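Asker:
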Amino acid sequence: MLSRKTLRLQGAVFASTTVLIFTLFTVASYAFSFDALDFQRRYQLLEAERQFDSEEFAEARKTFQQLAESAGSKAEGAALLARAAVALGHQEGQFEAAMREAAALDHEPSKIYAIISLKASQSDWSGIVEQFGDIPVDDWEAVRLPARPRGSEEELRTFVFLKRGRAFEQTGAYERAEQDLTKAAELVVSRHWRARPSLLSVLTSLAELRERRLDDAEGAFEANKRIAEIGHGGARYYRGILRAGAYLREQERYDEAIEMIKLMKPHSRPPHGSWFGNGMLALGNTYRAAGKLEEAEKIYTEILESPNVNPQFEQRAARLKAEVQVEAAGWQLAFDDHFNRQSLGEMWEALEGTWTIDDEMLQGSGILISSRSFPERDETGRVYTGGFALGYIRMDFDLQSADEQASDPSFFMNAYWETDEEEAQMQRGYTFKIGGRDDSHHEISKRDGDPVAVAEDSDVVFKPGESHRIVAENDEGHLRLYIDGKLVLEHEEQFSIMGSGFDRVGFHFVRPFRVDNLKVYIKRLPGGLDRDEELQRSY
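In terms of this note's numbering, the sequence shown has 98 at position 87, counting the first letter as 1, and numbering is strictly consecutive.
1. In angstroms, rounded to a whole number, what distance separates the CA positions of R223 and I252?
2. Could you check if D419 is buried or exposed, using at least 16 other CB atoms within 10 Å of its CB as the buried criterion?
3. Return helix, strand or coil for Q336, following the three-state DSSP convention.
4. So for N296, helix, strand or coil by DSSP?
5. Below 7 Å between beta carbons: does that hold for S451 and T442?
6. Can you tell me whether T193 is buried or exposed? The criterion is at least 16 other CB atoms within 10 Å of its CB, across all chains shown.
7. Can you tell me whether Q133 is helix, strand or coil according to DSSP?
8. Less than 7 Å between the C-beta atoms of F68 and H118, yes or no?
9. Between the alpha carbons of F423 and T182, how many angstroms are there, rounded?
10. Give me the Cα-Cα distance between Y532 and A178, rounded to the nearest whole angstrom.
11. Which stretch, first to last residue, makes up the alpha helix (DSSP H) that contains K474?
12. What are the partner residues of H118, as DSSP defines its beta bridges?
13. Assess, as a yes-or-no matter, whether the segment 472–491 is touched by the segment 367–386 under the definition of 3 or more beta carbon pairs within less than 8 Å.
14. Leaving out five residues on either side along the sequence, give the residues of the same chain with a beta carbon under 6 Å from the beta carbon of G284.
15. Please list the terminal residues of the continuous alpha helix (DSSP H) segment that includes M271.
16. Given K4, which residues of its chain have a CB within under 6 Å of its CB, disregarding the five upstream and five downstream residues?
17. Compute the Euclidean distance between the alpha carbons of L401 and I508, then round it to the nearest angstrom.
18. Express the C-alpha separation of L198 and A79 in angstroms, rounding to a whole number.
19. Round the Cβ separation of V499 and S469 to the nearest angstrom and send it over; I've been treating them as touching at under 8 Å.
20. Using a Cβ-Cβ cutoff of less than 6 Å, which residues in the same chain neighbour G295 once the five nearest sequence positions on both sides are dropped?
21. Across which residues does DSSP place S376 in a beta bridge pair?
22. If I measure Cβ to Cβ from T275 and keep anything under 7 Å in the same chain, skipping five residues before and after, which residues do I get?
23. How would you label H489, buried or exposed, when you count the other beta carbons within 10 angstroms and need 16 or more for buried?
24. Note down, in chain order, each residue of its chain lying with its Cβ closer than 8 Å to the Cβ of S382, except the 5 sequence neighbours on either side.
25. Going by Cα to Cα distance, which pick from I368, V516, E363, E186 is closest to F352?
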């Protein structure tokens, strides 16, 4: 049972609390009554903005004009009439009338704002530079755009610096563009959350200018870093984080890059969202670049296991996961070719037949061999103390027949190719043939000789007209052939063919085939040791 003292104390607390709540309610009521007119005006301003954004330009113009009649100052009224002129300019056939109306405004900042807005709507960037390139914007009074009742009081100045900066960029005056955009970013600075979209827009323009036009990667990073610090959300915010993370990754500042990308909180986003996919892929790629392959594989796996994930992210995650697993097995990417060019290039040499680049794919028939070796030799041809480059090879590519018949496509690795004035010599180290005999016969042969491994009537069929992912490798003497991720053939070599010039890769097609997304990996000998030269001759 409570004592009388306790009951009196509880009653006093209750009474005090009641009085406090009543007082706050009364103050709020008075404040609401005092701001009622202002609230109604703000509602009309937002409605005018909605009408403008919805392309209801005639209605927006009318609302701006009505609000201008009851403006509290000359500057506010002029800014409203400027908005009305801009709305008129967006109506069909009214651009010239809008320009005359803007030019008649009796307030210089509002006049310039309206004219620049109208010219920008017509992409008349040179006109903006010619008319306003040297106006002294810095000494303007602080005026907020009435139709946007939020954020900084410096909105007219900010707008002119932003649009003029873009005009300078479009006309090639990149340094002047940077000056204007930098000033715009300084003016927008505000702790008010409603100012953040404007600041994001300015910083995004500044970052893109520095990256695309000024080749200033560090400056672009600083702008993107500021975007990341705002913490607003939205496309510009996430894009800025990704660009800042990419810069840090390129600088090999991996821990900072990981923390930057985590600001997106990709794990907390719906798996089907684009920013989930972009954020997770960026995170996985950064772990991978840092050599944290296990963490990278977990990220790619999480994408693949997420429900309703966008198919494009699923496909990329599957490919990247496979590449990480290859790297985790000790393979180093030595060369990749996506054939996104017009000609064959210096990397390849056609020994027989016709080879071209068509629709960003290698296409041809005959014999094609790489111009470089794997591992690559130095200028003297001697890389290791044994006198030649040593390393195991893995080939990974997409293959598709270019006509209705597959006709036994084959490719080779550890091939020998040398030329002199009298003759050319070529020997294939290992040849992988796929798709023979009703497309289900596959084999591996050695030195252009008899097969050392054969798969008769394989369940894995190479189908004409379809694209198949082909992987072949000599992994420390273990020869393997995969088609679409399925192991088709394997053979263990006692002594691998490698070195002494047996270090090229290539293709041999009887009928035309297409090749894309080629990757060549190498794996050094365990411990970086060379094979004994006498042992090398004995294979």
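Think of the CB as a built atom: it goes at the ideal place given N, C-alpha and C, for glycine as much as any other residue.
Treat the numbers as computed from the prediction; the structure is a model and nothing was measured.
Answerer: With the given structure in hand:
1. 17 Å
2. buried
3. DSSP places Q336 in the helix class (H, G or I) of the three-state scheme.
4. helix
5. no
6. buried
7. coil
8. Between F68 and H118, the gap from beta carbon to beta carbon reaches 7 Å or more.
9. 53 Å
10. 48 Å
11. Per DSSP, K474 belongs to no alpha helix (DSSP H) and is neither H nor E.
12. None; H118 has no bridge partner.
13. Flag = no, the segment 367–386 and the segment 472–491 do not touch.
14. none
15. 265–273
16. In the structure as shown, the chain begins at 12 and stops at 550. Residue 4 is therefore absent and cannot be evaluated.
17. I508 has its alpha-carbon roughly 10 Å from the corresponding atom of L401.
18. 25 Å
19. 6 Å
20. A307, I310, Y311
21. T365
22. Per the sequence presented here, residue 275 reads as Met, with Thr not at that position. The residues are Y249, I252, W286, G290.
23. By the neighbour-count criterion, in which 16 or more other beta carbons inside 10 Å mark a residue as buried, H489 falls on the exposed side.
24. E357, M358, W359, E360
25. Position check: residue 352 holds Arg in this sequence, whereas Phe was assumed. For R352, the nearest C-alpha among the options comes from I368.
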